[in-house]
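What follows is a short report on a single structure.
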Ligand SMILES: [Cu+2]
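Numbering (the working numbering), first residue to last: 555 to 731.
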């Protein structure tokens, strides 16, 4: 599975620019991460523990697809906005991962690649799904081994320094849903 994916997307990986990362089964090029503006630390006025939650927003069905050898993992979930205002997801953080990013997924031109996403807007009364072959939260530079079946916390940061922390079930590499 892994080698097949790399075979299919190897060409894309070779052509990857600094702003568009080839999507090789969530396997990023290691190193060379410097110079990405999107990796700059985000300044926030509060911490996940002290932040207030965004109104009328729930995050459900969170899970993490683990990869072996501390390769980048991906988190998936559904955001529901039952309010009358749009909400904007601005970023995420996860205990034990020093690099956490919002990623999109682009298959235009017949080549799958992931792209860095600054923000995701969930319209009033709408849902937004983070799912395989779609948006995901990329979890990189783990300082521990993810254990299949365990629960890990993920904090989502919304506009106005509002935060929601959810528990995500860690699933095996081959999981698609
Ligand atoms: Cu990604």
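For every residue, glycine included, the Cβ atom is placed at its ideal position computed from N, Cα and C.
Bear in mind the structure is a predicted one, so any value in this text is a computation, not a measurement.
Check whether residue i and residue j have beta carbons under 9 Å apart
i: residue 644; j: residue 673; result: yes
i: residue 685; j: residue 640; result: no
i: residue 632; j: residue 712; result: no
i: residue 635; j: residue 691; result: no
i: residue 652; j: residue 699; result: no
Residue nearest to residue i in terms of C-alpha spacing, selected from the options
i: residue 703; options: 618, 614, 647, 596; result: 618
i: residue 726; options: 611, 629, 610, 612; result: 629
i: residue 655; options: 670, 661, 720, 719; result: 670
i: residue 687; options: 599, 598, 609, 730; result: 730
i: residue 610; options: 637, 651, 597; result: 637
i: residue 642; options: 648, 622, 650, 612; result: 612
i: residue 649; options: 728, 596, 693; result: 693
i: residue 728; options: 597, 622, 596; result: 622
With 16 other Cβ atoms within 10 Å as the buried cut-off, status of residue i
i: residue 709; result: buried
i: residue 667; result: buried
i: residue 626; result: buried
i: residue 608; result: buried
i: residue 661; result: exposed
i: residue 576; result: Its pLDDT being 40, under 50, residue 576 is placed unreliably in this model, and the value from its coordinates should be taken loosely. Buried, since its Cβ has 16 or more Cβ neighbours within 10 Å.
i: residue 585; result: In this prediction, residue 585 scores a pLDDT of 38, lower than 50, which makes its location untrustworthy; the coordinate-derived value is nonetheless stated afterwards. With fewer than 16 other Cβ atoms within 10 Å, it is exposed.
Spatial neighbours of residue i in its chain, beta-carbon cut-off 7 Å, leaving aside the 5 residues before and after
i: residue 605; result: 715, 716, 717
i: residue 701; result: 724
i: residue 599; result: 715
i: residue 596; result: 645
Whole-Å CB distance - residue i paired with residue j, under 8 Å assumed
i: residue 719; j: residue 602; result: 6 Å
Beta-carbon contacts of residue i that lie in its chain and below 6 Å, excluding the five residues immediately before and after
i: residue 658; result: 669, 671, 689
i: residue 614; result: 632
i: residue 624; result: 696
i: residue 680; result: 635
8 Å Cβ shell around residue i - same chain, five flanking residues per side excluded
i: residue 616; result: 629, 630, 631, 708, 720, 721, 722, 723
Beta carbon proximity, residue i to chain B, threshold 9 Å
i: residue 622; result: Of the protein chains in the structure, only one exists, and it is not chain B.
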